[in-house]
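A quick write-up on the structure given underneath.
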Amino acid sequence: MLKKKITRRSWAEPYKIKVVEPLKMSTRKEREKYAKKAGYNTFLLKSDEVYIDLLTDSGTNAMSDRQWAGMMLGDEAYAGSKNFYYLWDNIKKYYGFPYFVPTHQGRAAEHMISKILIKPGDYIPGNMYFTTTKLHQEMAGGKFVDVIIDEAHDPYNEHPFKGNIDLQKLEDLIKKVGAKKIPYVFMAGPVNMAGGQPFSMKNVRAVRKICDKHGIQLWFDATRATENAYFIKEREKGFKSKTIAAIFKEMCSNFDGMWVSAKKDLMVNIGGIIATKNKRVYNEARNMVVVYEGLHTYGGLAGRDMEAMARGIEEMLHYDSIKARIGQVRYCGEELAKYGIPFVKPIGGHAVFLDAKKFLPHLKQDEFPAQTLAAEIYIDSGVRSMERGIVSAGRNKETGEHNYPKLELVRLTFPRRVYTQAHIDVTVESIASVYQNRKKIKGLKMTYEPKYLRFFQARFKKL
Ligand code: PLI
């Protein structure tokens, strides 16, 4: 007889640790000093002032032994590196796009695609904004229009595909401004700023149809597309028995092209991708990349980086790998829920997004509740998170006023293959402790505001 009844069978990450990077601990007093020095902006902390770093999953992943071994095979020829051709082959094989231009990271790809496709006065509909994507669209003279379903702006709506485009909103925009003023529609999957929420295959097929009807291109921000494929397998009728790789390729087949920040799905530290079926766009990007990034066979990357990317593509589509990644994020959310801590539902693919409006209801939005909460969590335990609210949303280009997003969130983002369940427990307990003392927390005042992407470098002081 067992002393205790078996009530669960646990899952574990499909890897073991071979190399470790020691973490530095600090005291609360030291962190108060570090936070003040950093202007209460977690982006301005030094990384050795941080204990558990949940700022981002971008470029912070642990590469596998196979990826590290591949780094030694870097072919650093200026032109025609063999690593480039291996990467290109994998982009054709797994994403399904015939043409490829490498870039050093995602925003470089966004910059070039925006420059190539957008004319001043154009409108670009998409499923919610992303900071760098929107900025590049605006800098090219375009205006981003949010056509995501309304459910995405409600943190507690449990819609399984909150990343879906509202087809009526899209049709209405086309009718209002005319198809000629819309160079492309874009979909990110999952949607970062909505809480890591996916779109469904049914939705992307429907968007494709509308685009075809009006002769508009459809582009994909495929930065975390493996997670989108996982959610489709889990939640959408007809996909349960399909492999992640098959769903992934089918998803991509709906698009004219994509840009990717390889620093996420591909489990590397640097890299970006433009890939497309459109030969004209390819030729322009292939030419433009030599101006901004480097020759079209390296695009700002070392050969070894491209080798790690190529190998990362092969690893990212394993079911067990993506299941464990999403499983960690889910574990964090489920543990937070036990303390009654408010966060965006359903739990997203790459992060748990705390609802700072509900966490700190006594703060007005222009006292920066999410910025405040991220700073308080850091001071409590050294866990670094990121503001995703009014600071990230920036100002209205025409009026100069703050944009006031409905979602005022703090993102706890999980780098791939980096932290253990114990790190998550420490994080959850710290947030619970901040929650317990939340009524005493005061807001912030912005003291320095940079012109572009202000959340990265803005400074604050305590009210
Ligand atoms: O950080 P980049 O330049 O490699 O990629 C820009 C970028 C594009 N699209 C999406 C959906 C992103 O999430 C993204 C970058 N995200 C960051 C840095 C993040 O922390 O979420």
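Counting from 4, one number per residue, gives the positions in the sequence shown under the numbering used here.
Glycine included, each C-beta is placed from N, C-alpha and C at the ideal position.
Values in this document were obtained by computation on a predicted structure and should not be read as measured data.
Cβ-heavy atom distance, residue i to ligand 1, below 7 angstroms
i, result
"Gln108", "yes"
"Lys236", "no"
"Glu141", "no"
"Glu79", "no"
"Lys243", "no"
"Asn195", "yes"
"Asp268", "no"
"Thr430", "no"
"Asp224", "yes"
"Ser264", "yes"
"Gly297", "no"
"Ala191", "yes"
"Phe258", "no"
Proximity below 8 angstroms, CB of residue i to CB of residue j
i, j, result
"Pro128", "Val188", "yes"
"Leu447", "Phe371", "yes"
"Thr430", "Leu415", "yes"
"Pro418", "Thr134", "no"
"Tyr54", "Val386", "yes"
"Ala313", "Leu90", "yes"
"Ile94", "Ile276", "yes"
"Gln424", "Tyr342", "no"
"Gly83", "Ala311", "no"
"Asn160", "Pro193", "no"
"Ile152", "Asp169", "yes"
"Pro349", "Pro163", "yes"
"Met319", "Thr246", "no"
"Glu390", "Ile444", "no"
"Asp383", "Ser433", "yes"
"Arg34", "Tyr381", "yes"
"Ile427", "Glu317", "no"
"Gly77", "Gly306", "yes"
"Leu410", "Pro158", "yes"
"Asn167", "Arg211", "no"
"Lys454", "Glu141", "no"
Span of the beta strand (DSSP E), counted from its first residue to its last, around residue i
i, result
"Pro128", "126-129"
"Ile121", "Per DSSP, Ile121 belongs to no beta strand (DSSP E) and is neither H nor E."
"Val148", "146-149"
"Ser264", "260-264"
Nearest neighbour of residue i, chosen from the options [CA to CA]
i, options, result
"Lys165", "Glu239, Ile94, Leu120", "Glu239"
"Asp268", "Phe46, Ala41, Phe459, Ala225", "Ala225"
"Tyr451", "Arg462, Leu298, Ala435, Lys445", "Arg462"
"Gly303", "Gln108, Asn399, Ala435", "Gln108"
"Asn195", "Gly351, Tyr295, Lys21, Gln460", "Gly351"
"Lys280", "Thr59, Ser61, Tyr98, Gln70", "Tyr98"
"Pro186", "Tyr126, Ala197, Phe242", "Tyr126"
"Ile116", "Val437, Thr45, Val284", "Val284"
"Asn206", "Gly198, His353, Ile235, Lys178", "Ile235"
"Pro17", "Met131, Asp51, Val210, Ala327", "Ala327"
"Met28", "Tyr37, Asp259, Lys442", "Tyr37"
"Ser13", "Val394, Ile344, Gln331", "Gln331"
"Lys184", "His217, Gly198, Ser203, Gly403", "His217"
"Ala85", "Met309, Ala65, His365", "Here the sequence assigns Lys to residue 85, which means Ala is not the residue at that position. Considering only alpha carbons, the answer is Met309."
Host alpha helix (DSSP H) of residue i (start-end)
i, result
"Leu383", "In the sequence under discussion, the amino acid at residue 383 is Asp, which differs from the Leu named in the question. That run of the alpha helix (DSSP H) goes 372-384."
"Thr63", "Per DSSP, Thr63 belongs to no alpha helix (DSSP H) and is neither H nor E."
Item to check | Secondary structure, alpha helix (DSSP H): runs of 4+ residues fully inside the region 168-213 | outcome: 170-180
Checklist entry - In chain order, which continuous runs of the alpha helix (DSSP H) of length 4 or greater are located wholly inside the region 413-462? => result 424-439
Item to check | Any alpha helix (DSSP H) of 4 or more consecutive residues that is wholly inside the region 267-344 | outcome: 282-295, 306-319, 322-341
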